[in-house]
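Under this note's numbering, the sequence shown has 476 at position 85, and the numbering climbs by one with no breaks.
For every residue, glycine included, the Cβ atom is placed at its ideal position computed from N, Cα and C.
Report on one structure; see the data block that follows.
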Amino acid sequence: MRIGELSERTGTPRRLLRYYEEQGLIVADRSPNGYRDYDESCVDRVLQIRGLLDAGLPTRIIKQILPCLDKPRIIHFPDATPEMIATLEHERDRMTERVNCLTRNRDAIAEYLDAVRNPNPPPTFAA
Numbered sequence: 392m393r394i395g396e397l398s399e400r401t402g403t404p405r406r407l408l409r410y411y412e413e414q415g416l417i418v419a420d421r422s423p424n425g426y427r428d429y430d431e432s433c434v435d436r437v438l439q440i441r442g443l444l445d446a447g448l449p450t451r452i453i454k455q456i457l458p459c460l461d462k463p464r465i466i467h468f469p470d471a472t473p474e475m476i477a478t479l480e481h482e483r484d485r486m487t488e489r490v491n492c493l494t495r496n497r498d499a500i501a502e503y504l505d506a507v508r509n510p511n512p513p514p515t516f517a518a
């Protein structure tokens with residue numbers, strides 16, 4: 392598929408797709424006229440990249456872990472350095488903190504909405 396279709400299917404601007412290619416996150420073949428031609432698997436790959444970026448991972452880390460994400464049950468990462476492991480642990484912990492914060496905020500908004508929707512809750516009686 393051409394870059395426009397990949398952009399539409401993933402909701403990713405063409406400029407970002409070109410950037411992902413420059414960073415080695417996705418690969419495109421070239422047609423005789425020079426247009427990029429993306430494999431169907433790029434749709435899932437781009438969505439995966441977007442999710443990892445949204446989670447806060449930088450592209451340099453994403454590039455290193457993407458090969459492991461194709462087959463999550465078979466992870467072979469022979470060149471994982473102690474620094475890479477520490478970085479991934481830090482990123483995991485940071486994501487956990489964000490998830491906890493988002494959960495607290497979601498729960499607070501839900502409580503607020505309940506209070507707004509039901510301004511006069513029935514009284515509760517202690518037994």
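Would you list, in sequence order, the uninterrupted alpha helix (DSSP H) runs of no fewer than 4 residues that lie entirely inside the stretch 392-421?
You should have 394-401, 405-413.
Return the CA-CA distance between G402 and L504, expressed in angstroms with no decimal places.
31 Å
As a quick exercise: from I440, A506, N509, D435, pick the residue whose alpha carbon is nearest that of L407.
I440
Residue range of the alpha helix (DSSP H) that D505 falls in?
473-508
Would you check if the distance between the CB atom of R405 and the CB atom of G395 is smaller than 9 Å?
yes
Per DSSP, R427 forms a beta bridge with which residues?
Note: R427 is bridge-paired with R421 in the DSSP secondary-structure output.
Could you check whether E480 and A446 sit closer than 9 Å to each other, using their CB atoms as the reference points?
no
Could you give the DSSP three-state label for G442: helix, strand or coil?
helix
Looking only at its own chain, which residues have a Cβ that is under 8 Å from the Cβ of T478, when we skip the five neighbours before and after it?
I452
Beta-carbon spacing of I456, L438 below 9 Å:
It is not a contact, given that the beta carbons lie outside the stated cut-off.
Beta carbon of R409 nearer than 9 Å to that of D420
no
What residue from S422, L397, N424 has the CA that sits closest to S432's CA?
Minimum Cα-Cα distance from S432 among the listed residues S422, L397, N424 corresponds to L397.
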